[in-house]
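Numbering (this note's numbering), first residue to last: 767 to 1228. Positions of the beta carbon are idealized from the N, C-alpha and C atoms, including for glycine. The structure under discussion appears below in the form of C-alpha cells.
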C-alpha cells in the first residue's frame, strides 16, 4: 500500500479509511502525492501553484490528532484556481492577479479544510474560466494525460488532469456551462455538478444566480458523494441554498431513463453520437428507456444571452480599465454582454422558464435523463476553439458546449461518468441528469453503472 503507485491510485474513500485506521499517515500520503506532482506536472501542467509546505504542516496536524478531524482527514485535494484560498495565491488564471493572495477561504474551501482535507495546490484554468483549452498567460496548456498533444478541456481541466494522473484523489471544480463535465469526459474521470445552492456561494454578487456552481471531479462516484457531503448545507447569505430539499434513493431498482443525443438543438459530432449509442445500449441492461425528451427550442440562444449578461456584469469594469491586459477570449466574452438590452435578458429568462418546465414535465415519466458529456472528442492543444462540428460552422465559440450548458440553464444536478472503451479509443463520458435535489439518486444509479457496466476510470499510460 505504501508504494508510490498504490497510494496514488487509492480512491478518496480508500485513502480516508486507511488514514483513519492509521494504516497510512497523512504525511506519507501527502509526500507521495507531492512526489507524483513533481514527477508528472512539468509535462501535464495541472497545477498553477503547489503548496508543499502548507500541505506538510496540515499533514502534521492531522497525524498529531487523537481522532480524525473529519470525513476527509488527511486526504489531499486540489482547488481550482478560480476559488479563493486564504493565504495561498489565487490568480483566476489571469496576469492581472498573478500575485493575488486572498485574505480568507471561500466557504467551500473552508468546509473542505474543516473536514480534514489537505490542499496540495491550485489547479489550472483559462483566464476567469473562459476558454475551450485550459491555458492562460501564466501557465499551460494543461495536457490530456491520455495524449499530451490533446486538450484536457475547460475550464476545470487542471482538476481533471490532477485526478486522472493520480496527483490527487479528488479535486474541486466550478461549472457554468460544462466546466467540470467536459474535462471529466476528456480525462476519463467522474464529476458532479450539484443542484445550484447545494454548495452555497455566499460571496456571489447575484444571489439568485443559478448558472454557476461548485463541483467535484474524482475517479469514482463514492468519492464525489463523500466530497459533496462535507460541503453541502445552506448558508443564509446565499438565498438559493435556503430550503433546498433532497431525495433519498439508496436503491434505484430498475429506473426509467430518457435518452437524448443532443436535446434536439445541440451540435454533436457523428463519432460522439456513435459512442453514445453504444453506451445507451449497455445502459439497457440496468434501466428501461422511455421515449421522452424535453423541449429545448431556443436554449442555445437563451444561454448565450444569459451567460454574456452575467460575464459583462462581473468583468465589465476590467474591460473599461484594463483592456490591454486581457486576452482576446476574455474581451470577446465581456463585449458580447455589453451589447444586450434589458428586454434581451428578460426574453431569455422567459424562454429559460419554459425549458425548465419542460424538464420538470419530463421527470414525471422518467427518473433520469441521459446525454453525452461532450459534443466532440479532445482536440489538439494548439487549436483554441471549436469553430465547426462535422463541417458545419458554429455561430459562436461556446456553441459546442450546448450539450452541457442546456442542463446548466435549468439548474438540474448532473453526474458525469466515463464509459467503457477500447484501448485505442479516446475517453468519453455520459451525463446522468436528475431533478433538483436528486444527488442521492444520481449517486445510487452511478454506483450501478460503475459496478454492473464497468463504466469507470482507466489509469493513463504512465
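{"Check": "What first and last residue would you give for the alpha helix (DSSP H) that runs through residue 1077?", "Outcome": "1065 to 1088"}
{"Check": "In this structure, how does DSSP classify residue 914 when only helix, strand and coil are distinguished?", "Outcome": "strand"}
{"Check": "Going by DSSP in three states, residue 1043 sits in which element: helix, strand or coil?", "Outcome": "helix"}
{"Check": "Determine the extent of the alpha helix (DSSP H) in which residue 792 is found, giving its start and end residues.", "Outcome": "792 to 810"}
{"Check": "Under three-state DSSP, which class holds residue 977?", "Outcome": "coil"}
{"Check": "From 1006, 976, 817, 815, pick the residue whose C-alpha is nearest to that of residue 1173; which is it?", "Outcome": "976"}
{"Check": "Hey, how far is the Cα of residue 1219 from the Cα of residue 1211?", "Outcome": "11 Å"}
{"Check": "Comparing alpha-carbon positions, which option in 1115, 1179, 1006 lies nearest residue 1205?", "Outcome": "1179"}
{"Check": "How many Å lie between residue 798 and residue 773 at the Cα?", "Outcome": "7 Å"}
{"Check": "Among the residues of its own chain, which have a CB less than 6 Å from the CB of residue 1143, if the five just before and after it don't count?", "Outcome": "1192"}
{"Check": "Is the separation between the beta-carbon of residue 834 and that of residue 786 shorter than 7 Å?", "Outcome": "yes"}
{"Check": "Can you find the residues in the same chain that come closer than 7 Å, C-beta to C-beta, to residue 1222, ignoring five residues on each side of it along the sequence?", "Outcome": "986, 1184, 1216"}
{"Check": "Rounded to whole angstroms, what is the Cα-Cα separation between residue 768 and residue 789?", "Outcome": "Unreliable positioning characterises residue 768 in this predicted model, as indicated by a pLDDT of 46, which lies under 50. The coordinate reading is nonetheless provided below. Distance between the alpha carbons of residue 768 and residue 789 is about 9 Å."}
{"Check": "Nearest CA to the CA of residue 778: which residue from 791, 838, 938?", "Outcome": "838"}
{"Check": "Using 10 angstroms around the beta-carbon of residue 853, count the other beta-carbons present and answer buried if the total reaches 16, otherwise exposed.", "Outcome": "exposed"}
{"Check": "What's the call for residue 1255, buried or exposed, on a 16-neighbour Cβ count within 10 Å?", "Outcome": "There is simply no residue 1255 to check, as the chain begins at 767 and stops at 1228 in what is shown."}
{"Check": "Closer than 8 Å by C-beta to residue 1159: which residues in its own chain qualify, once you throw out the five before and the five after it? Chain order, please.", "Outcome": "1153"}
{"Check": "Taking C-alpha atoms, which residue in 1044, 1036, 1164, 1146 lies nearest to residue 1065?", "Outcome": "1164"}
{"Check": "Among 1135, 1094, 1197, which has the Cα closest to the Cα of residue 952?", "Outcome": "1197"}
{"Check": "Give every residue of the same chain whose Cβ lies closer than 8 Å to the Cβ of residue 1145, excluding the five residues on either side of it in the sequence, and list them in chain order.", "Outcome": "916, 917, 1152"}
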